[in-house]
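Once you know that position 420 of the sequence shown is 478 in our numbering, the rest is easy, because the numbers rise by one and skip nothing.
All residues carry an ideal CB built from backbone N, CA and C; glycine is no exception.
Here the structure is a predicted model, which is why all the values come from computation and not from measurement.
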Amino acid sequence: MTDLDHDLVLVVDFGAQYAQLIARRVREARVYSEIVAHHVPVEEMLARNPKAIILSGGPSSVYAEGAPGIDDAVFEAGVPVFGMCYGFQLMAQGLGGTVAATGAREYGRTGVTVGAPGTLLDGLPETHTVWMSHGDAVTAAPSGFEVLAATAGTPVAAFESLDKQMAGVQWHPEVLHTEHGQQVLEHFLHDIAGCRQTWTMLNIVEEQVEHIREQIGEGRAICALSGGVDSAVAAAIVQRAIGDRLTCVYVDHGMMRQGETEQVRHDFEEVFDVLDVVDAGDQFLGALEGVRDPEEKRKIIGREFIRTFEAAEARVFGDLEAGHETAYLVQGTLYPDVVESGGGAGTSNIKSHHNVGGLPDDLQFELVEPLRTLFKDEVRAVGEQLGLPSSMVWRQPFPGPGLGIRIIGEVTRERLDVLRQADAIAREELTRAGLDRDIWQMPVVLLADVRSVGVQGDGRTYGHPVVLRPVTSEDAMTADWARLPYDLMERISTRITNEVAEVNRVTVDITSKPPGTIEWE
59 MTDLDHDLVL
69 VVDFGAQYAQ
79 LIARRVREAR
89 VYSEIVAHHV
99 PVEEMLARNP
109 KAIILSGGPS
119 SVYAEGAPGI
129 DDAVFEAGVP
139 VFGMCYGFQL
149 MAQGLGGTVA
159 ATGAREYGRT
169 GVTVGAPGTL
179 LDGLPETHTV
189 WMSHGDAVTA
199 APSGFEVLAA
209 TAGTPVAAFE
219 SLDKQMAGVQ
229 WHPEVLHTEH
239 GQQVLEHFLH
249 DIAGCRQTWT
259 MLNIVEEQVE
269 HIREQIGEGR
279 AICALSGGVD
289 SAVAAAIVQR
299 AIGDRLTCVY
309 VDHGMMRQGE
319 TEQVRHDFEE
329 VFDVLDVVDA
339 GDQFLGALEG
349 VRDPEEKRKI
359 IGREFIRTFE
369 AAEARVFGDL
379 EAGHETAYLV
389 QGTLYPDVVE
399 SGGGAGTSNI
409 KSHHNVGGLP
419 DDLQFELVEP
429 LRTLFKDEVR
439 AVGEQLGLPS
449 SMVWRQPFPG
459 PGLGIRIIGE
469 VTRERLDVLR
479 QADAIAREEL
489 TRAGLDRDIW
499 QMPVVLLADV
509 RSVGVQGDGR
519 TYGHPVVLRP
529 VTSEDAMTAD
539 WARLPYDLME
549 RISTRITNEV
559 AEVNRVTVDI
569 TSKPPGTIEW
579 E
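See the structure below:
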């Protein structure tokens, strides 16, 4: 949640595959947005004084038993509303229009014809392609609404009422497959709802610096520095706010990638005033001994991180009298971490992020999380605004729990060594191919509890498989598998099976997100 002075757009999630993407598109229009679940009471939504409300798509039929709905009071509150797909049908139904199961399903790319552009579709071509995903259709618009567009199977594909400051489309304007989708969304936000375009990276930095000065006052803080862009940007913002009263603590938990700690030390000592490097490999690996369950792994790692930072705090603040100063811990928590950990309003817990759902109950720190409302690509933009080196800003995402959640099964030193070698080869070849900026992330996963038969040197082997997980993404909330060149995949596979004795099979994960998450655990 934000207390900054921006217009707020609430995206009401009806189980949409792309709810997070809608929120991102709103922010691209320079308007602040957050996601809320459809079962949050409308009075709670309105109490947050939103400038506009967007009703997302969803997999249900508005007529299905138990289908998610929304109190019609949302349409009577004087707040501008925009509906898309399922949200468009709920809107039509709630305002007195007609929704019917016409039997004409439309999925994927669909041609739409603009009859009367109005304000919402102003400047768009008369015919263009949009992305549809629906079985029901709006057959009659509510009273007072002008029908703007239609498709072969949908007589009312878009409508608006400028008097009510409401509009909607049957298609998904947020996805890249829809032509002119961002333009449609911006017409609603700027021209119909009157949202102010204040959400910029420069404003974010200035406001967060001021907020942190108020939160920490004359106190001191330590930052959980992972080496990734999130914690680096969080630390840079806090350092701008409180200067050398920030100490960055980098914990080598024994699950880092090959050469990682040395690289982090080199890069970060050039930027940050005080860097404290802690070797805690024995502590973490001891706590993980015998543990196979992925949720338990994440929670153990989260707990041990906090214990390590508590010890670091005692070293950093050792000269202070006990109880006379709050201990502040800076973390690079992002909005997707909060949403996926069940921290958004009414969201389900997909997996506990070590720095959100994995925190222990007896936490002794007051958290400072300057990036908690941001998506990953916004964080990179803030990093560039702060003047951080491009090597730091564009580093591929690496999870805080490290290789510990890329080993399926128990985490041991031997298995970590195997995965480090395979991962180093994959990263080296990706860099050599010049694809670091094109690929969002490429985890290498060791299936340590699985063995498969192979043949090497005319002899039978019984080794572990590894999985390459190359993905493209804008913000990690949705992702597609990256189509790596075949010759690159061949080089990676050949090198890993030749150079890593314990691995005899290399596979590629071609699952999008959803349904699969980027990391396997």
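Does the distance from the C-beta atom of V564 to that of I554 stay below 7 Å? yes
For D494, name the three-state secondary structure that DSSP assigns. coil
For K109, the three-state DSSP class (helix, strand or coil): coil
C-alpha distance - A105 paired with F217, whole-angstrom precision: 27 Å
I need the boundaries of the beta strand (DSSP E) containing F246, first residue and last residue. Premise fails: F246 is in no beta strand (DSSP E) and is neither H nor E.
C-beta atoms of V120 and A279 nearer than 7 Å: no
Inspect the CB distances between the segment 240 to 255 and the segment 284 to 299 and report whether three or more fall short of 8 Å. no
Does the pairing of the segment 448 to 457 with the segment 280 to 295 give three or more beta-carbon distances under 8 Å? yes
Neighbour-count burial assignment, A506, 16 or more Cβ in a 10 Å radius: buried
Should H238 be counted as a contact of the ligand ADP given a C-beta to heavy atom distance under 6 Å? Summarising the ligand content, the structure contains no ligands, and the ligand ADP is consequently not present.
Which one of R485, V69, E318 and M259 has the shortest CA to CA distance from W498? R485
contact_flag[the segment 434 to 445, the segment 466 to 485] where n(CB pairs < 8 Å) is 3 or more: no
Taking the alpha-carbon of R549 as reference, which of I483, E276 and V561 has the nearest alpha-carbon? I483
Three-state secondary structure (DSSP) at E204? strand
How far does the beta strand (DSSP E) with L446 in it extend, from its first residue to its last? That residue, L446, is in no beta strand (DSSP E); it is neither H nor E in DSSP.
Considering only DSSP beta bridges, list what G141 is partnered with. L113 and G226
Of the residues P573, V336, V349 and M313, the one placed nearest F456, counting alpha carbons only: M313
For the alpha helix (DSSP H) that contains V263, what are its first and last residues? M259 to I274
Own chain, CB closer than 7 Å to L546, minus 5 neighbours either side, in chain order: E487 and A491
Between the segment 307 to 326 and the segment 335 to 349, do at least 3 Cβ pairs fall closer than 8 Å? yes
Short of 6 Å in beta carbon distance, which residues of its chain neighbour H412, apart from the five on each side in sequence? Order them along the chain. Here the model assigns H412 a pLDDT of 41, short of 50, so the residue's position is not dependable, and the following value carries that caveat. Within the same chain, H412 has close Cβ partners R356, I359, G360, G458 and P459.
Proximity to G181 [Cα-Cα], best of V172, V188 and T187: V172
Within 8 Å, do at least three Cβ pairs link the segment 129 to 136 to the segment 94 to 112? yes
Could you check which residue in E92, V157, R315 and N562 has the C-alpha nearest to that of A122? V157
Under three-state DSSP, which class holds Y76? coil
Quick one: give me the first and last residue of the alpha helix (DSSP H) that R365 is part of. P352 to V374
Which of helix, strand or coil does DSSP assign to R563? strand
Under DSSP, the beta strand (DSSP E) around I93 begins and ends at which residues? Y90 to A95
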